[in-house]
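What follows is one structure encoded as structure tokens, with my remarks underneath.
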Amino acid sequence: MADSPGEPLIASASDLEELVAHLRASGEFAFDTEFVSEETFEPVLCLIQVATRERIAAIDALAVRDLSSFWAVVNDPDVEVIMHAASEDLRICRFQTGTVPRRVYDVQIAAGLAGFGYPLSLGNLMAQALRITVAGGETRTDWRRRPLSPPQLRYALDDVRYLLDLADLLKVQLAELDRASWAESEFAQFVAAIQNRVEEERWRKLSGLHQLSRRGLEGRPPPGRVAVRGGAADEPAAAPALARRPSRGDRQATAGDAPRPGGAARLQPPSPARQERRGPGGDHLGASRSLRRVAGAARPARRGPGSDHGREPAAAAMAQCCVQHRVAPGLVGASNDLKSLIRWHGQGRPEDHRPELTRGWRRDVCGATLLDVLSGRIALRVVDPLSDVPVALEPIGPAGGRPSTNE
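For the sequence shown, our numbering gives the first residue as 3, with consecutive numbering after it.
Here you go:
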């Protein structure tokens with residue numbers, strides 16, 4: 003990919019159609035957006051950035067009013083859309099079209115599965131994986147103002163300039179680790195979560211929502227009151243709240259951008275300052291510190307419906323498993339996932355609502371081991387409090403101690 007911005011803004015319908023034809027023929031492209039959301043019920047889309055192997059371009063979404071052909075190629079199942087921290091951009095697509103792309107490759111998720119930290123900002127990920135640094139400086143840009151300057155365009159286009167290269171690298175690494183199927187599963191769950199989340203968020207943003215009774219929220223208001231559900235999608239907020247726009251995930255750590263597939267709203271990732279210190283496997287530094295805090299935890303957890311006993315040993319075991327498998331802990335699960343597992347175990351492991359940690363690749367990484375810890379079949383023993391992996395997981399013998407050397 004060339005280093006220069008390469009092309010002026012796509013600001014006419016004819017130029018857009020030509021670009022869309024190129025994107026469709028390419029079969030894959032990098033995608034990002036710039037938008038403003040402070041003063042409106044729905045975000046105002048201002049700029050769309052795309053990149054293929056041959057071209058890089060920005061679409062002026064304020065000048066080209068009919069973007070239907072572009073959204074059609076974004077949602078085309080024959081075209082792969084490469085993104086980073088895709089939550090907000092997928093929400094834009096959902097607002098614009100009513101659906102989200104079927105084939106999304108999120109390099110942030112892929113990086114977490116390949117042994118990098120999660121969530122990593124795009125700048126950190128490029129520096130660690132590609133040894134490339136891009137300039138900042140336009141974080142406070144009002145993307146509604148025209149004309150956009152060359153530095154503004156360069157800044158925006160840098161969000162897609164290297165995404166294809168990142169995806170190529172991560173696909174190779176995941177294939178070598180036999181984790182390509184893990185990534186595909188995560189992408190599918192992530193996209194489904196966005197699809198299901200947007201409509202609920204829209205009605206929750208209505209002004210005066212807190213004044214409504216439960217009857218009003220359910221769409222059965224008393225005379226003279228307004229129903230929320232069923233009407234929010236068609237009516238603007240009476241008085242949109244002015245709110246400071248949150249940090250974008252493409253330049254800064256994206257702790258709050260989106261739920262992890264299967265329940266990521268619960269994640270509590272490390273701070274941006276800690277992200278700066280990470281390289282491949284660096285996300286496990288926090289796991290190592292957590293392990294060191296757990297000493298003398300080599301006893302089975304007490305059981306009981308709804309009990310959180312055993313949470314510390316389970317957390318230490320989970321951290322140790324993440325270090326061993328070189329998977330970002332923030333992508334595997336969080337405190338609430340452990341609570342769900344412990345309670346499910348205490349309730350007799352009913353099959354009708356298995357927790358996330360017992361499914362798919364998470365079960366292979368840590369779920370099965372955690373259940374053995376909770377059942378008393380595996381104990382934790384502190385072997386070296388100063389090492390990165392101070393805790394060992396050891397099977398418990400028939401008499402309740404470590405197995406003999408003859409076993």
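Every residue, glycine too, gets a C-beta built ideally from N, C-alpha and C.
Just so it is clear, the structure is predicted and the values come from calculations on it, not from any experiment.
Does the Cβ of residue i have 16 or more other Cβ atoms within 10 Å, making it buried, or fewer, making it exposed?
i    : result
P121 : buried
L394 : First, the residue type needs correcting, since residue 394 is Ala and not Leu in the sequence shown. Answer is exposed; the Cβ neighbour count stays below 16.
D386 : exposed
A316 : buried
T54  : buried
D1   : For residue 1 there is no data in the structure shown, the boundaries of the chain being 3 and 409.
A321 : buried
S183 : exposed
P357 : buried
A194 : exposed
R361 : exposed
D161 : buried
Might you give, ordered along the chain, the residues of its own chain that have their beta carbon closer than 8 Å to the beta carbon of residue i, omitting 5 neighbours on each side?
i    : result
G29  : D80, V81 and E82
D91  : F33, D34, T35 and M85
I94  : T35, F37, P45 and L47
A129 : T135
T101 : N77, C95 and Q197
V127 : The displayed chain sequence assigns Leu, not Val, to residue 127. H86, V109, Q110, A113, F118 and L168, listed in sequence order.
What are the boundary residues of the alpha helix (DSSP H) that includes residue i?
i    : result
E20  : A15 to S28
M153 : Checking the sequence shown, residue 153 turns out to be Pro, not Met. Element bounds for P153: P152 to R163.
A74  : S70 to V76
A319 : R313 to H327
V106 : From DSSP, V106 is part of no alpha helix (DSSP H) but of the beta strand (DSSP E) over V106 to D108.
D91  : S89 to T99
R148 : Where R148 is concerned, there is no enclosing alpha helix (DSSP H), given that its DSSP letter is neither H nor E.
P331 : P331 to V334
V375 : A370 to S377
D339 : S337 to G348
Just the C-alpha distance for residue i and residue j, rounded to the nearest angstrom, thanks.
i    : j    : result
V325 : V391 : 8 Å
L372 : A15  : 56 Å
D374 : H327 : 18 Å
S389 : C323 : 15 Å
S123 : A116 : 15 Å
V384 : A318 : 11 Å
R313 : L343 : 10 Å
P45  : V136 : 26 Å
V106 : F192 : 9 Å
A190 : R104 : 8 Å
L150 : L359 : 47 Å
L21  : L69  : 12 Å
R146 : L64  : 8 Å
L340 : C368 : 11 Å
R163 : A330 : 25 Å
G363 : R148 : The sequence shown places Trp at residue 363, not Gly. When rounded, the distance between both Cα atoms is 47 Å.
A169 : G125 : 15 Å
I398 : A370 : 15 Å
R1   : Q197 : Given that the chain is displayed from residue 3 to residue 409, the structure contains no residue 1 and the question cannot be resolved.
K173 : E56  : 20 Å
D199 : D180 : The sequence shown places Arg at residue 199, not Asp. Roughly 31 Å between the two C-alpha positions.
T178 : L49  : Here the sequence assigns Glu to residue 178, which means Thr is not the residue at that position. Spanning the two alpha carbons is a distance of roughly 37 Å.
L165 : A23  : 20 Å
Counting only the same chain and skipping the five closest in sequence on each side, list residues whose C-beta sits under 7 Å from that of residue i.
i    : result
T99  : W73 and N77
R294 : Because the pLDDT of R294 is 47, which lies under 50, any placement of that residue in the model is unreliable, and the number read from its coordinates should be weighed accordingly. Excluding residues within five positions, the ones whose Cβ falls inside 7 Å are P387 and P392.
L159 : P7, Q51, I58 and A60
L18  : I12, I61, V66, S71 and F72
L176 : A112, L115, A116, A182 and A185
A88  : V106 and D108
A27  : none
R379 : P397 and I398
Going along the chain, which residues of its own chain have a beta-carbon closer than 6 Å to the beta-carbon of residue i, five neighbours each way excluded?
i    : result
L11  : A60 and D62
L25  : F31 and V75
L171 : A131
F97  : E44
Would a check of beta-carbon distances place residue i closer than 9 Å to chain D?
i   : result
H24 : In the structure shown, chain D cannot be found, because there is only a single protein chain.
In the DSSP assignment, the beta strand (DSSP E) including residue i goes from what residue to what residue?
i    : result
L49  : V46 to A53
R383 : I380 to V384
V393 : V393 to P397
I12  : It is not in any beta strand (DSSP E) - I12 carries neither H nor E in the DSSP assignment.
E82  : E82 to M85
I58  : I58 to D62
Is the region 141–158 close to the region 331–338, with three or more CB pairs under 8 Å?
-> no
Touch check for the region 349–360 and the region 122–141: three-plus C-beta pairs under 8 Å?
-> no
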